[in-house]
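Same order as they appear, the protein sequences are chains H and Y. With the numbering used here, the residue at position 80 of the first sequence is 1304, and numbering never jumps. With the numbering used here, the residue at position 288 of the second sequence is 618, and numbering never jumps. Virtual Cβ for every residue (Gly too), placed ideally from N, Cα, C. Predicted model only: the values in this text are computed from it and were never measured. This report refers to the structure that appears directly beneath it.
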Amino acid sequence: MSPRSIILRASALLLLATFIAAPQLFAFAFEPLTVNNAPAIYNQSSLLTLTVSHLRTVFLATLASTVLAIALAIFVTRPAGREFLPLSRSLMNIGQTFPPVAVLAIAVPLVGFGEKPTLIALFLYGLLPIFENTLTGLMEVSPRTLEAARGMGMNARQRLVQVELPLALPLILAGIRLSVIISLGTATIGSTVAAKGLGEVIIAGLQSNNVAFILQGGLVVALLAVLIHDGLGLAERMAARKLGRSADEVS
Amino acid sequence: MPTLRPTLHLDRLGAVIAVLIGVALFAAPFVTYRANRIVAGEGRLLTDALPPAGVTGVLIVVLGVTLCAALARKLLVRLGAAALGLCVIFPAVGWSAGFVTPSGNTFARVSPSVGFWLLALAFALLAADALTRLHFGPWARLAALAAAAGALALLLLSGAWNDLSLMKEYANRADSFWREARQHLWLAFGSMAAACLVGLPLGMVAHRIGRLRAAILQGLNIVQTIPSIALFGILIAPLGYLAAHVPLAAALGIRGIGAAPAFIALFLYSLLPIVANTVAGLSQVPAAVTDAARGMGMSARQRLLQVEWPLALPVVLAGIRIVLVQNLGLATVAALIGGGGFGTFVFQGIGQTAIDLVLLGAIPTVALSFAAAVILDAVIDLTQRGAHDRD
């Protein structure tokens, strides 16, 4: 990483952290956008609480979808699950045509308002990219590599854990990153069904016609998403590099 | 884990489908009956949801389909069975609505319930599996889509579903339904067309000039990362300012809240797939091919239009497919900022906890994205085939 990009990232992170921790410092920038003495900074609950619960929702949902998606991808690439492989691929294709909002909206009448429908929508929708990428990663492991592993006396389980999954790791991580980004957005919309999260600021602004709220909510969510996307991208590159090095060591 | 192969072939997927169907028929309500639109509903099992003759008919067909799923190996037979199952349960649920509603009662609402959706899911799985393994060509896939759309249109136009709550919600707002439908399509397709006008030339420039490429793609990548409603929110402030201070903008209908920020946000989201795929499509044209074209005395313009562009087309179309499916879905969020579209019904439905109103917005959205995906996949296959023929 060049020094310039490190400085850029660090200052973006610092700006976001300061805004979340002490939004009043920035009130002067948002005041011109308000009318009739409306508050310039969202004051119904603290931005910090909202950020934490937003991230918590995304984290819990992504954790659950990662575990299930990877397990499913492993299952359909084993002999016992091969029969489900073609179907699972087309289901993934079909699933992607469902907009996340629709999943969220359909969950509400079933489980009520609040955190639950958001978690369900995030979990279901988060499965798709992780499953797809894990599947691609596992299928791309060359048969010759597997043959070599078999020749070394590895059993099916060892081949999976020591060869296939490590080789698929960069793609799996890319899938998780996609999933997290989609979840961050869907969790924002989750505020329309009363889940605690940063979308609350934007929705409150839309309802009370306060452009200052809309803008600060939008900026915080956007900056958060961009930084998380960037951070996960770094983790991926590190994993890929580590993988490359260990492959070199073997050869 | 070693498994014993029975002499009679038992399909694993078929077994899963049979379990789903078993639950759907005997343990889950087929329809939900509510005394009016607001109150909680009570489930009715299939056996109580239709007159005895209807119950017998549906049971025979469904059990027949289950047998096919579990035992039949011919893919066309499995596909036919799934289609038959769907063609029976869809009208049946409409019939059930008429049967369950006390005659003359205009307040009662009947909606398809878990049992119906499980049956539909089971048959759809069976059909999807058969279709995937049949490897239909593009024309056959388009024909299958047309047949499905035709069957759906027939179902809705025949009035077989008029007693269902979903259609009552539609009947109450038929005018606004079509208005929002037009708005939805305008948002999705209009922003895509605008993104093509800008993105295709931008992609060609990025392909030629390496230094610009990284900057353009990185910038668009960041835009793509921003969640939709955050981007809408960020655009509302400057657009509101523009509307207040530039009379021309206001005269053009640009306002802070409404369709304008949604349109611009969808346009921005569409740029990345189009530009990135144009670059990818153009750079995969083999250098030997362009050299040969140059050797034949083609000008740069002729090379672009007659050689590079046709070869890049399938990849560019794949980008357009991503954009279209993405836009049709994201346009639902536009309703939150007053931009209209099918999302209007989704969010109204959330507010009133009326699932049928949510479905009135969600089903057309999903159907449109699905149809767009199938059609563009077929077109991509056809252009690929064209490119290969030219080789």
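Looking at residue i: is its Cβ nearer than 7 Å to the Cβ of residue j?
i: Gly-611 of chain Y; j: Val-653 of chain Y; result: no
i: Ala-490 of chain Y; j: Pro-421 of chain Y; result: yes
i: Arg-1383 of chain H; j: Ala-1373 of chain H; result: yes
i: Pro-603 of chain Y; j: Gly-649 of chain Y; result: yes
i: Met-522 of chain Y; j: Ser-600 of chain Y; result: yes
i: Gly-1442 of chain H; j: Ser-558 of chain Y; result: no
i: Ala-665 of chain Y; j: Phe-677 of chain Y; result: yes
i: Gly-1350 of chain H; j: Ser-1415 of chain H; result: no
i: Leu-565 of chain Y; j: Pro-531 of chain Y; result: no
i: Ala-1293 of chain H; j: Ile-1354 of chain H; result: yes
i: Leu-517 of chain Y; j: Ala-661 of chain Y; result: yes
i: Ala-427 of chain Y; j: Asp-505 of chain Y; result: no
i: Val-1445 of chain H; j: Phe-1437 of chain H; result: no
i: Leu-449 of chain Y; j: Ala-354 of chain Y; result: yes
i: Pro-1333 of chain H; j: Ile-368 of chain Y; result: no
i: Val-1404 of chain H; j: Thr-1275 of chain H; result: no
i: Phe-1337 of chain H; j: Ala-1418 of chain H; result: yes
i: Val-440 of chain Y; j: Tyr-363 of chain Y; result: yes
Please confirm if residue i has its CB atom under 7 Å from at least one CB of chain H.
i: Ile-652 of chain Y; result: no
i: Asp-505 of chain Y; result: no
i: Ile-347 of chain Y; result: no
i: Pro-336 of chain Y; result: With a pLDDT of 48 at Pro-336 of chain Y, under the threshold of 50, the modelled position of this residue cannot be trusted; read the value that follows with caution. No, its Cβ sits nowhere closer than 7 Å to a Cβ of chain H.
i: Ser-558 of chain Y; result: yes
i: Leu-611 of chain Y; result: Note that residue 611 of chain Y corresponds to Gly in the displayed sequence, not to Leu. Judged by the 7 Å Cβ criterion, Gly-611 of chain Y is not in contact with chain H.
i: Ala-567 of chain Y; result: yes
i: Ser-699 of chain Y; result: yes
i: Val-645 of chain Y; result: no
i: Asp-721 of chain Y; result: Residue placement at Asp-721 of chain Y cannot be trusted, given a pLDDT of 46 that sits under 50; the coordinates are not used to answer.
i: Val-688 of chain Y; result: yes
Can you say whether residue i is buried or exposed, counting buried as having 16 or more other CB atoms within 10 angstroms of its CB?
i: Val-1365 of chain H; result: buried
i: Leu-1311 of chain H; result: buried
i: Phe-675 of chain Y; result: buried
i: Leu-397 of chain Y; result: exposed
i: Asp-621 of chain Y; result: exposed
i: Val-1474 of chain H; result: Note that Val-1474 of chain H scores a pLDDT of 40, beneath 50, so its modelled location is shaky; the value from the coordinates is reported in the next line. With fewer than 16 other Cβ atoms within 10 Å, it is exposed.
i: Val-1259 of chain H; result: exposed
i: Leu-1249 of chain H; result: exposed
i: Glu-638 of chain Y; result: buried
i: Gly-434 of chain Y; result: exposed
i: Thr-386 of chain Y; result: exposed
i: Val-349 of chain Y; result: exposed
i: Gln-1431 of chain H; result: exposed
i: Ala-1471 of chain H; result: Note that Ala-1471 of chain H scores a pLDDT of 49, beneath 50, so its modelled location is shaky; the value from the coordinates is reported in the next line. Exposed is the call here.
i: Thr-1301 of chain H; result: buried
Would you verify that the beta carbon of residue i is, or is not, closer than 7 Å to some beta carbon of chain Y?
i: Pro-1521 of chain H; result: Outside the displayed span of chain H (1225 to 1475) sits residue 1521 of chain H, for which this structure offers no information.
i: Phe-1283 of chain H; result: no
i: Pro-1333 of chain H; result: yes
i: Glu-1424 of chain H; result: no
i: Ala-1194 of chain H; result: With chain H covering 1225 to 1475 only, the question about residue 1194 of chain H has no answer from this structure.
i: Glu-1307 of chain H; result: yes
i: Gly-1442 of chain H; result: yes
i: Phe-1322 of chain H; result: yes
i: Ala-1329 of chain H; result: yes
i: Ser-1235 of chain H; result: no
i: Leu-1439 of chain H; result: yes
i: Ile-1405 of chain H; result: yes
i: Met-1316 of chain H; result: no
Considering only the alpha carbon of each residue, which of the options lies closest to residue i?
i: Val-1282 of chain H; options: H:Leu-1393, H:Leu-1402 and H:Ile-1244; result: H:Leu-1402
i: Val-663 of chain Y; options: Y:Ala-697, Y:Ala-623 and Y:Ala-595; result: Y:Ala-595
i: Gly-394 of chain Y; options: Y:Tyr-500, Y:Trp-639 and Y:Phe-453; result: Y:Phe-453
i: Leu-464 of chain Y; options: Y:Val-388, Y:Met-628 and Y:Arg-403; result: Y:Arg-403
i: Leu-486 of chain Y; options: Y:Tyr-500, Y:Tyr-363 and Y:Pro-381; result: Y:Tyr-500
i: Tyr-571 of chain Y; options: Y:Leu-405, Y:Leu-561, Y:Gly-625 and Y:Ile-587; result: Y:Ile-587
i: Gln-1320 of chain H; options: Y:Gln-632, Y:Val-709 and Y:Val-696; result: Y:Val-696
i: Ala-544 of chain Y; options: Y:Leu-405, Y:Val-605 and Y:Ile-667; result: Y:Val-605
i: Leu-712 of chain Y; options: Y:Ala-411, Y:Leu-647 and Y:Val-576; result: Y:Leu-647
What residue does the alpha helix (DSSP H) around residue i start on, and which one ends it?
i: Pro-568 of chain Y; result: 558-575
i: Pro-591 of chain Y; result: 589-613
i: Gly-373 of chain Y; result: Not the alpha helix (DSSP H): Gly-373 of chain Y falls in the beta strand (DSSP E), residues 372-374.
i: Lys-498 of chain Y; result: 495-502
i: Lys-1340 of chain H; result: 1339-1364
i: Leu-405 of chain Y; result: 405-430
Between which two residues does the beta strand (DSSP E) carrying residue i extend?
i: Arg-439 of chain Y; result: 439-442
i: Thr-1321 of chain H; result: Where Thr-1321 of chain H is concerned, there is no enclosing beta strand (DSSP E), given that its DSSP letter is neither H nor E.
i: Thr-362 of chain Y; result: 361-364
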